[in-house]
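Trainee: Residue numbers (my numbering), protein chains in the order written: chain Z, 3 to 220; chain A, 296 to 395.
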Amino acid sequence: MGSPIALGYFPIAVAFGALAGQAALTWWEAALMSLLVFAGASQFVGVSMLLAGADAIQIIATTFFLNLRHLIMSLAVNDQMRDFPAAWKNFLSFFITDETFALLTLGNQLQREPRGPAYMAGLMLTAYSGWVSGSALGGLGAEFIPSQVTTAMTMGLYGLFIGLLIPSARKSIGYALIAGVSMLLNWGLGHLMDAGWAIVLATVLAAVLGIPLMGEEL
Amino acid sequence: MNILWIIGGMALVTYIPRLLPALFLDRFQFPGWFRKWLRSIPYAALGALIFPGVLLVDRDQPLLGLAGGLVAAGLSFLNLHITLVMAGSILTVILVQFLL
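1. For residue 334 (chain A), go through chain Z and note every residue whose CB falls closer than 8 Å to its CB, in chain order.
2. Just checking: is the beta-carbon of residue 321 (chain A) within a distance shorter than 8 Å of some beta-carbon in chain Z?
3. Looking at the structure shown, is residue 99 (chain Z) part of a helix, part of a strand, or coil, going by DSSP?
4. Cα-Cα, which of A:386, A:344, A:300 is closest to residue 167 (chain Z)?
5. Would you mind sorting residue 188 (chain Z) into buried or exposed? The rule is 16 or more other CB atoms within 10 Å of its CB.
6. Considering only C-alpha positions, which residue in the set A:358, A:314, A:387 is nearest to residue 366 (chain A)?
7. Please work out which residues of its chain come closer than 6 Å, Cβ to Cβ, to residue 71 (chain Z), disregarding the five sequence neighbours upstream and downstream, and give them in chain order.
8. Ordered along the chain, which non-local residues of its own chain (more than five positions away) have a Cβ less than 6 Å from that of residue 90 (chain Z)?
9. Just checking my contact of residue 163 (chain Z) with residue 208 (chain Z) at CB under 8 Å: how many whole Å lie between their CB atoms?
10. Under 8 Å between C-beta atoms, does residue 392 (chain A) make it to chain Z?
11. Of all the CB atoms in chain A, is at least one closer than 8 Å to the CB of residue 222 (chain Z)?
12. Measure the alpha-carbon distance for residue 220 (chain Z) versus residue 335 (chain A) and round it to whole angstroms.
13. Cα-Cα, which of A:364, A:390, A:393, A:392 is closest to residue 381 (chain A)?
14. DSSP three-state call for residue 64 (chain Z): helix, strand or coil?
15. Quick one, are the C-beta atoms of residue 96 (chain Z) and residue 310 (chain A) less than 8 Å apart?
16. Of the residues A:391, A:372, A:376, which one's Cα is nearest the Cα of residue 361 (chain A)?
17. Relative to chain Z, which residues along the stretch 350–370 of chain A have a C-beta separation below 7 Å, given in chain order?
18. Hey, quick one: how far does the alpha helix (DSSP H) through residue 393 (chain A) stretch, first residue to last?
19. Using a Cβ-Cβ distance under 8 Å, would residue 395 (chain A) count as near chain Z?
20. With a CB to CB cut of under 6 Å and the five nearest residues on each side skipped, what residues in its chain are close to residue 29 (chain Z)?
21. Assign residue 346 (chain A) to one of two classes, buried (16 or more other C-beta atoms within 10 Å of its C-beta) or exposed (fewer than that).
22. Measure from the alpha carbon of residue 99 (chain Z) to the alpha carbon of each residue in Z:68, Z:84, Z:86, Z:177, then state which is nearest.
23. May I have the straight-line CA-CA distance separating residue 176 (chain Z) from residue 74 (chain Z), to the nearest angstrom?
24. Count the other CB atoms within 10 Å of the CB of residue 5 (chain Z); is the residue buried (16 or more) or exposed (fewer)?
25. What does a CB cutoff of less than 6 Å around residue 384 (chain A) pick up in its chain, not counting 5 residues either side in sequence?
26. Short of 6 Å in beta carbon distance, which residues of its chain neighbour residue 16 (chain Z), apart from the five on each side in sequence? Order them along the chain.
Below, the structure written as structure tokens:
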């Protein structure tokens with residue numbers, strides 16, 4: 003099930019590798035960043051800041067705030083992993099991205115069997131391998147992917163988000179309301195603060211609506 | 296050498312927030328309202344991830360992302376499989392780019 007993500011990640015990772023090359027990173031440094039960080043938006047921002055002459059502390063601080071939203075997402079994913087051994091939870095938590103989180107929490111309708119550690123690891127590692135291999139290839143410049151293709155593939159990841167949200171929103175007006183309010187909040191807050199913070203705040207606040215709206219254990 | 300320090304720092308500050316819930320979530324028995332809040336997170340997060348980000352797929356042409364988003368929503372309403380929804384939105388963007 004991770005393959006739609008890997009497919010979406012790959013060309014974007016190639017673009018990342020190519021940008022990293024411009025910032026004077028070697029192909030293996032670009033791949034190493036993808037291997038160790040595995041957070042797309044913050045890697046693009048980090049490399050752009052490097053190009054703009056930012057120093058290490060500024061880049062690391064920005065990365066932290068941009069990726070803080072994964073703390074909230076990790077709460078939801080770990081809620082599903084309660085029965086997993088601790089080592090598995092610590093390991094799998096590394097691979098929580100916007101996309102793997104979306105598939106693991108809202109992709110229920112796609113997969114009926116109970117989802118054990120092996121299933122989650124398969125999904126996450128497939129996505130991860132697309133990201134890391136694309137970064138290495140982009141850094142090598144072995145293949146040039148035109149920007150139109152990258153734009154189209156970025157759309158694919160939004161298609162994934164939308165395709166996961168709509169079936170849930172159809173099932174319950176409450177879910178639709180939570181998502182809609184979150185969109186408006188994120189849009190409004192985006193004018194007041196940077197995008198990373200706006201997503202965190204919009205998510206935390208809109209989810210409060212679920213307290214009166216959610217049924218008991220669904 | 297400097298770049299390796301940056302990569303290491305980025306890796307650390309990204310993994311720590313991802314790891315914290317794994318370490319602490321099951322140490323607590325949460326009240327009902329917190330569990331409801333937690334179960335609402337996916338819907339809230341997806342909403343925030345989609346909008347207005349989808350309009351920035353092409354920064355110079357917000358209509359491109361809007362078109363792809365509407366097609367994805369439409370296909371999803373028809374109960375098509377997620378990979379077809381993704382493919383539809385990608386093809387829409389390619390087609391619109393070609394026409395513009």
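Virtual Cβ for every residue (Gly too), placed ideally from N, Cα, C.
Mentor: Looking at the atomic coordinates:
1. 78, 81, 212, 216, 220
2. yes
3. coil
4. A:344
5. buried
6. A:387
7. 201, 202
8. 119
9. With a Cβ gap of about 15 Å, residue 163 (chain Z) and residue 208 (chain Z) do not count as contacting.
10. yes
11. The structure shown does not extend to residue 222 (chain Z), since chain Z spans only 3 to 220, so no value can be given for it.
12. Low confidence applies to residue 220 (chain Z): its pLDDT is 44, below 50, so where it sits in the model is not reliable enough to give any reading.
13. A:364
14. helix
15. yes
16. A:391
17. 352, 353, 360, 363, 364, 367, 368
18. 377–394
19. no
20. 138, 141, 142
21. buried
22. Z:68
23. 20 Å
24. exposed
25. 363, 366, 367
26. 136, 139, 140, 147
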